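**Q** Residue 240, in the working numbering, is where the sequence shown stops; the numbers in between run on with no holes. Note that beta-carbon positions come from the ideal geometry of N, C-alpha and C, so glycine has one too. Since this is a predicted model, take the numbers as computed values, not measurements.
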Amino acid sequence: TLYYSTTENDTNATSVSVGNNLSYQLTDLVVSTTYYISVSATNSIGEGSKCTEINCATEAVVPDVPTDLQITATTSTTLNLSWSAPTNNGGASITGYTLYYSTTQNDTNATSVYVGYNLSYQLTDLVASTTYYISVSATNSIGEGSKCTEINDATAAVVPDVPTGLQITATTSTTLNLSWSAPTNNGG
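(1) Less than 7 Å between the beta carbons of ILE123 and LEU133, yes or no?
(2) Should the region 70-83 be called in touch with the region 94-104, which here means at least 3 C-beta pairs below 8 Å?
(3) CA-CA distance, SER233 and SER225?
(4) Quick one: using the 10 Å Cβ neighbour count with 16 as the cut-off for buried, is CYS103 buried or exposed?
(5) Could you tell me the alpha carbon to alpha carbon distance between TYR184 and THR156, rounded to whole angstroms?
(6) Check for me: the beta strand (DSSP E) holding ALA125 runs from which residue to which?
(7) Figure out for me which residue from GLU99, ASP159, GLY217 has the closest Cα to the Cα of SER231.
(8) Excluding the 5 residues flanking TYR76 on each side, which residues of the same chain have their C-beta closer than 8 Å to its C-beta?
(9) For PRO212, does the count of other Cβ atoms within 10 angstroms reach 16, so buried, or fall short, so exposed?
(10) Below 7 Å between beta carbons: does that hold for ASN220 and ILE203?
(11) Just the Cα atoms here: how many angstroms apart are SER172 and VAL113?
(12) Could you spell out where the beta strand (DSSP E) holding TYR56 opens and where it closes?
(13) DSSP three-state call for ASP205: helix, strand or coil?
(14) Classify LEU171 as helix, strand or coil using the three-state DSSP reduction.
(15) I need the boundaries of the beta strand (DSSP E) containing TYR76, first residue and last residue.
(16) Using DSSP bridges, identify the partner residues of GLY195.
(17) Taking only the alpha-carbon atoms, compute the straight-line gap between GLY100 and CYS108 and give it to the nearest angstrom.
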């Protein structure tokens, strides 16, 4: 019989009958958790004593995605973002977050910004009246997890730049004909 538990010398350890097998694979264990394991032999008289207990920890994995990514404030050139830590850190401490943003949805070449341990960040130097698509991922000692579901918002519009080239094209005693060029930036 094989016995295992997450508690050392646990008298209520889970038992598994392994028959005459001399090896066994424990499955469906919890990531990054220490397990205490022992075995005993059984014959027609009964079960013998357990062997000396050994222990081993399962490996950590990359973290789940951060949750609750949201845009908390918008100006013409900035987007303020916040998010929450993943519900599962993969069994290892989060070492940082990476923010991804682009003007194209699901862009595999989105700009990335490592933001450390922060759960908020301000994207700056953005273009007015432009939609940005944003996601964030978490990293632990094993590696970077997947990006969360992308969100999007547009930066605010601004007043247009100054029209250029104002000129008088014709005059009469009672009229003036005028022309000019549109502003380089219409403000969105």
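**A** Quick look at the numbers:
(1) yes
(2) no
(3) 25 Å
(4) exposed
(5) Distance between the alpha carbons of TYR184 and THR156: 7 Å.
(6) 119-126
(7) GLY217
(8) LEU54, VAL68, VAL70
(9) exposed
(10) What sits at residue 220 in the sequence shown is Ile, not Asn. The Cβ-Cβ distance between ILE220 and ILE203 does not fall below 7 Å.
(11) 24 Å
(12) 54-57
(13) strand
(14) coil
(15) Careful: TYR76 lies outside any beta strand (DSSP E) and carries neither H nor E.
(16) Residue pairing by DSSP puts GLY195 in a beta bridge opposite ASN192.
(17) Roughly 23 Å separates the two Cα atoms.
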